[in-house]
Amino acid sequence: MNKKLGIMEIEPLVRDRYIQDEFEIIGKRGLTRMCGIEKASGRAEYTRDVKLPGMVYCRILPSPYAHAKIKSMNTEKAEALPGVRAVLRYDDPELADKPLYGLETKFNAGHLASDGQAFYHGKEELAVTLEQWKQGAGRILDGVAWWEGHPVGAAVAADTPELAEEALGLIEIEWEELPLVLNPMDALKPGAPLAAPEINSKNNIIRKLKIEHGDVEKGFKEADKVIKFDARRRPYTVAEAEPISDVILWRGDNVEIWAHQQQAYDGKMLFALKMGLPLNKIKLHIPYQGSQFGGGGNPMMHHTHGVHIISGILSRRLGRPVKTFYDRRDTFYNLSQDADCYTSFRVGFKEDGTITAVKIDNICAKMGQYGIDHFEENTRIPNLALNYLEANINVAPAYWFRCEQNHNALCLSLVFEHVAAELGMDPTIVALKNDGVEGKDMEYLSKFKKEHGFPDRDSLGECIEVGKKAIDWDNKWHKPGTKVLPNGKLHGMGFTWTHEWDDTRGTACAGVLMHCDGTVDILSQKSDDGLNAMTTHCQIVAEEMGLKLADVNFRMFEDVGFQMMTPDGSCNLAVDAYVTRNAAREAKQKLLEYATTPIKLIDIEYPPVFPNNYPDDLDVKDSVVFLKSDPSINCPVAEVVKRATLNQGGTRAPLFTWSWHRQGRYGTERGRHRMCRQAYFAEVEVDPGTGGVEVKKIVNVNDVGLAISPETCEGQQYGGDYMGVGRALAEEVIYDPKTGVKLNGNLLDYKVWTMRDIDTTVNHLVETGMGYGAYGLNGIGECIATVVPGVIGAAIYNAIGEWVDDHPMTPDKVLKAISKAKRGGLR
Amino acid sequence: MAENNGGAKKVSLKINNQEYGIVVEPHWTLREVIHDKLGLTGTKEMCDHGACGSCTVIMNGRPILSCMTLAIECEGKVIETVEIVDIEKHPLVMAYANNHAMQCGYCTPGFVMTAKALLDRNPNPGEEDIKDALEGNICRCGTYPAHIGAILEASTKLEGGK
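From first to last, the protein sequence lines stand for chains F and U. Position 798 of the first sequence, counted from 1, bears residue number 798 in the working numbering, the numbering being contiguous throughout. Position 39 of the second sequence, counted from 1, bears residue number 39 in the working numbering, the numbering being contiguous throughout.
Below you can see the structure in the form of structure tokens.
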């Protein structure tokens with residue numbers, strides 16, 4: 001073991017150099033999920049459940065108009081309602097210097113590199129500016145509404161939720177309705193209404209940029225064939241399980257926050273900034289989180305963070321805890337919907353499947369995703385061009401919802417599927433033909449792997465082989481539109497692929513504290529979003545320290561000064577796992593020093609458990625310290641640490657270590673090549689009479705580098721399938737085209753996939769060890785739901801012989817495509 | 001609506017084998033009473049429209065949606081909330097934890113109560129029985145396949161205990 005554990009080097013381009021040969025607990029199946037008993041028995045507490053003595057309930061007024069200004073507002077009747085304790089108006093002096101954009105902390109850290117989105121492939125000129133963030137995000141509790149349902153005007157705190165709701169209805173407002181625009185294409189037309197003239201009085205453009213690699217025109221000339229096609233991806237939304245709420249209690253000059261937030265520490269930072277408080281006066285509690293999926297992060301923080309400011313001001317006024325809560329409809333309005341995107345493709349390729357050039361023109365509503373990233377990161381295509389434009393419109397903010405790669409993954413899927421279809425080739429062959437990195441081929445990537453300490457494995461080849469076998473691809477895949485089943489349905493097989501998620505930008509820190517009974521607490525705060533971080537990190541610490549898993553616990557709910565990235569068991573694990581791993585190794589070293597070092601108290605010297613040995617003579621297994629040369633000489637960890645930490649006056653000092661890690665500026669810097677791949681296969685049946693699509697089977701094969709908790713990774717696979725198929729076939733936020741009123745802001749009209757909506761999911765993990773995270777791991781949580789729409793689209797094409805490149809692929813669109821296929825001579 | 005509208009009424013309920021007498025307003029749902037007034041917070045608010053099953057409780061032996069049930073209409077009812085599975089050490093709890101049949105866990109109590117109602121009337125369900133029982137529950141994390149294994153495991157434990 002390296003004696004200088006505290007300075008274990010972490011090199012951003014190099015594989016973890018400190019991986020042991022064998023694992024006892026990491027990767028082990030059959031472990032009970034540590035949060036499972038609480039969650040299954042209803043004992044897990046969520047922010048929505050928090051109720052404090054004297055608590056009042058706050059509701060914020062939702063705008064009835066998609067674009068309107070408050071001309072005058074009378075809150076007297078609301079204030080006079082018995083039980084109403086406070087009304088906070090948008091024009092109150094307490095809010096005068098607090099436009100609640102919610103994301104300024106990202107621009108308050110010294111340099112832009114602190115923000116994951118600030119740099120794209122290391123290019124400063126592509127950094128998102130604060131003005132752009134503001135325009136895409138919106139504000140909370142202002143005098144102007146930028147979308148229907150926008151929380152504006154006033155917030156009311158009352159003794160009960162019902163009274164707060166009733167008081168909102170008593171607020172009299174004279175509105176000035178303003179012209180609105182609801183579609184990004186309309187928003188770009190000359191003379192279009194301005195969606196947010198308070199920030200951009202010239203036009204509706206949020207961002208406009210170009211990215212170019214090589215020479216696409218040259219690539220098109222080299223091609224045997226050039227195709228063009230268009231696609232649209234309509235907005236879908238988080239529809240998270242737990243409706244938004246927070247609780248804030250102002251205690252004298254200290255404040256406590258109970259937050260439903262994915263990046264809760266950022267919320268604390270903004271609260272401190274806006275309220276003029278030092279961070280050490282604010283104590284943050286993050287109970288269990290009823291799902292997040294990133295939808296409450298980034299620009300959406302104007303809600304999750306802005307709500308804190310409102311609760312905070314009201315709590316300070318009243319001297320009582322304030323719970324601000326959104327109902328189901330509010331939650332639908334005010335969490336991220338993924339951007340409405342119109343994308344045009346031009347693709348050149350050779351007869352053998354080699355793609356020579358891809359040009360993408362992408363227009364997104366609000367803030368979207370470029371669409372070109374995955375071509376850069378995991379293909380050898382040398383000539384790429386992107387024209388990207390974000391247009392502001394009067395709908396709720398759009399941004400990343402599981403995850404920032406949605407459009408990037410779909411664009412890659414569409415291009416590869418269309419090329420394979422044009423050539424009549426097996427799409428797995430086209431994928432393998434173009435696999436590479438940043439325009440370079442696999443030979444280059446192979447050399448890179450060897451030079452940087454990674455195993456040199458063909459990740460895509462392995463994933464495809466496993467997946468083909470699992471779905472019986474070689475026997476079932478067929479030419480498009482050629483297989484009708486005995487039940488009259490059209491049979492389709494689809495394939496798509498991309499690279500792993502290595503969301504490794506960021507920082508994490510954690511402590512490892514061993515109590516005098518030998519049990520360990522991991523000290524760090526993070527949101528539990530369902531990624532099983534609790535078990536995962538306990539596995540790491542137990543593995544590294546030689547402890548029984550039962551002797552390690554991780555209660556991440558309280559503010560302890562350390563934070564980890566969230567989510568976890570997911571991509572952020574590539575960062576987070578380093579800190580628990582390193583702190584645990586250091587703690588073990590300290591434990592063995594305790595076991596061999598006497599304690600001197602002036603005139604008395606207490607001998608250690610192993611008085612005649614050095615730390616290197618010892619090891620730990622199953623929570624027992626033993627002599628390596630003679631394991632029969634041993635002592636329980638509890639006894640070692642109890643002796644060393646001496647009870648004096650009823651107190652003891654724990655064994656304690658901590659670690660922090662900052663990795664990369666952004667997970668996709670150029671030159672930090674992606675090496676792991678994932679392959680997806682789907683089998684569908686399309687009803688030619690209704691256009692309905694039944695998903696019979698999905699096969700996910702993900703190279704996760706290394707799976708610490710295999711069941712957790714598999715949970716992300718099948719869980720992502722349900723969300724991904726929902727996105728492919730049904731999920732869409734629908735607005736009234738004239739008024740901008742959201743028409744399906746509830747779980748009856750917004751279809752979320754349920755148990756019977758997929759027949760079978762088959763999940764395979766490939767572990768090549770080619771991730772940048774600790775132990776060679778990378779992430780999985782964001783991958784599946786992001787990529788699955790592409791494979792469903794491919795399978796539908798294979799079934800009907802015509803593309804439905806308008807997601808979601810609802811039955812009406814599928815029927816139209818079937819009609820088109822028939823006109824084209826199929827069937 | 002204000003609370004003092006004159007329609008409040010005392011109802012007697014038996015919840016998790018405990019007797020309760022509580023004055024309820026006519027518009028209060030059973031979910032509000034259980035979660036907000038009695039502090040049995042395992043019964044979750046998710047859709048609030050009878051669409052998701054997260055607020056499922058067992059009333060007189062049948063799983064019902066407590067967000068769609070007025071408390072004032074529940075006089076004399078015998079109710080079980082998810083807390084009963086903890087109190088009674090029902091094998092569903094460990095089976096759910098062992099099978100990772102939850103992610104964020106917010107909807108899990110609703111699934112567990114639906115599953116308990118199934119096992120109460122059919123201690124040895126097949127996979128199709130489980131799908132029939134749970135198809136009305138929404139899990140945004142998509143944990144659906146794991147529930148089948150969990151309920152089958154719990155069923156085995158229940159059968160073994162007899």
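The beta-carbon is built from N, C-alpha and C at its ideal position, and this holds for glycine as well.
Excluding five sequence positions before and after F/Glu-404, the CB atoms of its chain that fall closer than 7 Å to its own CB belong to Gln-369, given in chain order.
Rounded to the nearest angstrom, the Cβ distance from F/Gly-153 to F/Ile-171 is 7 Å, consistent with a contact under 8 Å. Membership of F/Gly-492 in the beta strand (DSSP E) is indicated by the continuous run 490 to 499. For F/Trp-175, the secondary structure class from DSSP, reduced to helix, strand or coil, is strand. CA-to-CA, the gap between F/Tyr-90 and F/Arg-457 works out to about 59 Å. For the pair F/Cys-635 and F/Ala-595, the CB atoms are nearer than the 9 Å cut-off.
Comparing C-alpha distances from F/Arg-59 to each of F/Asp-92, F/His-308, F/Val-181, F/Thr-356 shows the shortest one belongs to F/His-308. The beta carbon of F/Tyr-236 does not come within 9 Å of any beta carbon belonging to chain U, so the residue lies off that interface. The segment 581 to 630 of chain F is shown to contain whole beta strand (DSSP E) runs of 3 or more residues at 599 to 601, 604 to 606, 618 to 621, 624 to 627, in chain order. In the DSSP annotation of this structure, F/Lys-751 is not part of any beta strand (DSSP E), being labelled neither H nor E. The C-beta distance from F/Val-579 to F/Leu-547 rounds to 18 Å, too long to meet the 8 Å contact threshold.
U/Gln-103 has a beta carbon lying within less than 9 Å of a beta carbon in chain F. For F/His-807, the pairing in a beta bridge is given by DSSP as F/Arg-233. When the beta-carbon positions are compared, F/Thr-356 and F/Ala-223 come within less than 9 Å of each other. Boundaries for F/Arg-15: no beta strand (DSSP E) harbours it, and the DSSP string shows neither H nor E there. Taking 9 Å as the CB threshold, U/Ala-71 stays off the interface with chain F.
Restricting attention to beta strand (DSSP E) runs no shorter than 3 residues, the segment 141 to 191 of chain F encloses them at 151 to 158, 172 to 177, ordered along the chain. Under the DSSP definition of a beta bridge, F/Pro-62 partners with F/Pro-151. DSSP places F/Gly-726 inside the alpha helix (DSSP H), whose first and last residues are 710 to 729. Under a criterion of Cβ atoms nearer than 8 Å, the residues of chain U adjacent to F/Trp-753 are, in order, Gly-142. Assigned with DSSP and collapsed to three states, F/Glu-22 falls in coil, not helix or strand.
By the Cβ neighbour-count rule, F/Arg-672 is buried, with 16 or more other Cβ atoms within 10 Å of its own.
Counting only runs of 4+ residues, the alpha helix (DSSP H) found wholly inside the segment 69 to 102 of chain U occupies 83 to 87, 91 to 98, in chain order. Partner residues in the beta bridge of F/Pro-636, as assigned by DSSP, are F/Val-624. At least 9 Å separates the CB of F/Ser-63 from every CB of chain U. Under DSSP, F/Gly-312 shares a beta bridge with no residue. The C-beta of F/Pro-190 has fewer than 16 other C-beta atoms within 10 Å across all chains shown, which makes the residue exposed. A distance of 9 Å or more separates the beta carbons of F/Ser-291 and U/Cys-67. For F/Tyr-444, the three-state secondary structure derived from DSSP is helix. Going by DSSP, U/Asp-132 is part of the alpha helix (DSSP H) stretching over 127 to 134. Secondary structure note for F/Asn-763: it is in no alpha helix (DSSP H), and the uninterrupted beta strand (DSSP E) holding it is 758 to 766. By the rule that beta-carbons nearer than 9 Å mark a contact, F/Leu-765 does not touch chain U.
Counting C-beta atoms within 10 angstroms of its own C-beta, F/Val-484 has fewer than 16 neighbours from the protein chains shown and is therefore classed as exposed. Sequence-distant Cβ neighbours of F/Gly-348 in its own chain, meaning closer than 6 Å and more than five residues away, are Gly-219, Phe-220, Ala-223, Val-226, Thr-356, Ala-357.
Around the beta carbon of F/His-478, fewer than 16 other beta carbons lie within 10 angstroms, which makes this residue exposed.
The alpha-carbon of F/Thr-651 is positioned some 43 Å away from that of F/Ala-241.
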